[in-house]
Amino acid sequence: MQLPSSISLNALRVFLITSRHMSIKLAADELLVTPGAVSHQIKSLERSLGTQLFVRSNNAIELTDAGVRLAQKALPGLQLLHASLGDVIRNTNVLRVRASMSFAVRWLIPKLYLFKAKNPDANIEVETFFDDARQLSGSADVTIGYYREGERPTGVRDLFDDVCRPYLSPVLLSILADPCDLVTIPAIQCAKGNWDWHLWMEKSGMHDVDLQFADRFDSDDAALRAACVGLGMILSSSFMVETELSDGRLVPLPECAEFNAGCYTLQVGEHETNLTRRFVRWLQEIAKSRH
């Protein structure tokens, strides 16, 4: 008789499936093997244990007392093992991504099909947030964060810069007497304290300009929609307004240069998997293709 540690788990699994069906043929059908292969595994297990597990008569089989005890004791353990392996496999295929609502809706999600085409078994879970202060909270495999210019912490990977400029609807532009007279154009508010507008004016050398701040919205997406219907101009990256630019709902404010408002970053969770590494490489490749 062999030591328990040397007993074949595969032979034990075959035995348990056979004991559940009480049929070598049905066990073979479930395992997608021949009845002979099932019989071979059971006989191998019986030799290892030094005891008979089934009594064979005509075309039927019955468990011996030893077989009954083994089935009762081993089945819960094997079920737990299968559940543990299944959980590991599921976790290996699951990728949890955190990103701001606007970034996820306008950039990440429309491109996820490209990653899924190369990784069809990946299950992506996207968690979004509105408040930048919450971007590092929670547990995620990959977090796409955002930091204003000069506030990027050490230890994070750059994804790409947030290069912005003002945009507005063509209808609003057409009725402006002078598009360069910024005080006549309502500036839609979205960022806390209008830090983005103040940074734009500072970088553009317009310290003496008193912008006409207009309606306020709690998300970039809502502010973009407001700009599309002519409520005012917004500050945005070109990638955030790709659709609106292509269908003509928004146009850049003439004679206004771009400026760097901040940067998008990547942070990888503590337990980095092969799927995580593939996703990060894909994100970086997509980001580079923007230029």
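Be aware that the sequence shown starts at 71, since it is given in the numbering used here, and climbs by one per residue.
Glycine included, each C-beta is placed from N, C-alpha and C at the ideal position.
Go ahead and pull the three-state DSSP assignment for residue i.
{"i": "Val350", "result": "helix"}
{"i": "Pro249", "result": "coil"}
{"i": "Met303", "result": "strand"}
{"i": "Asp228", "result": "strand"}
{"i": "Phe329", "result": "strand"}
{"i": "Arg235", "result": "strand"}
{"i": "Val338", "result": "strand"}
{"i": "Pro223", "result": "coil"}
{"i": "Val311", "result": "helix"}
{"i": "Pro324", "result": "coil"}
Assuming residue i and residue j are in contact, meaning their beta carbons sit under 8 Å apart, how far apart are those beta carbons, in whole angstroms?
{"i": "Leu301", "j": "Ala284", "result": "6 Å"}
{"i": "Leu133", "j": "Ala141", "result": "7 Å"}
{"i": "Tyr334", "j": "Tyr183", "result": "Rounded, the Cβ-Cβ distance is 20 Å, inconsistent with contact."}
{"i": "Ser170", "j": "Thr198", "result": "7 Å"}
{"i": "Leu320", "j": "Leu238", "result": "7 Å"}
{"i": "Val108", "j": "Ile94", "result": "5 Å"}
Check for me: the beta strand (DSSP E) holding residue i runs from which residue to which?
{"i": "Phe200", "result": "Premise fails: Phe200 is in no beta strand (DSSP E) and is neither H nor E."}
{"i": "Val212", "result": "212 to 218"}
{"i": "Pro256", "result": "256 to 259"}
{"i": "Asp285", "result": "282 to 286"}
If I follow the unbroken alpha helix (DSSP H) through residue i, where does it start and stop?
{"i": "Leu82", "result": "79 to 91"}
{"i": "Ser359", "result": "Premise fails: Ser359 is in no alpha helix (DSSP H) and is neither H nor E."}
{"i": "Leu243", "result": "240 to 244"}
For residue i, I'd like the list of residues in its chain whose CB is within less than 8 Å of its CB, leaving aside the five on either flank, ordered along the chain.
{"i": "Asp288", "result": "Phe200, Cys260"}
{"i": "Cys298", "result": "Ser239, Glu314, Arg319, Leu320"}
{"i": "Thr346", "result": "Leu165, Asp211, Val212, Val338, Gly339"}
Can you give me the Cβ contacts of residue i inside the same chain, cut-off strictly under 7 Å, excluding the 5 residues immediately before and after it?
{"i": "Cys326", "result": "Arg235, Pro236"}
{"i": "Ala257", "result": "Trp267, Leu281, Gln282, Phe283, Ala284, Gly302, Met303"}
{"i": "Arg351", "result": "none"}
To which residues of the same chain is residue i closer than 6 Å at the C-beta, ignoring the five residues directly before and after it?
{"i": "Val226", "result": "Thr335, Gln337"}
{"i": "Ser316", "result": "none"}
Unbroken stretches of the alpha helix (DSSP H), 4 residues or longer, contained in the region 107 to 190: 135 to 163, 179 to 188
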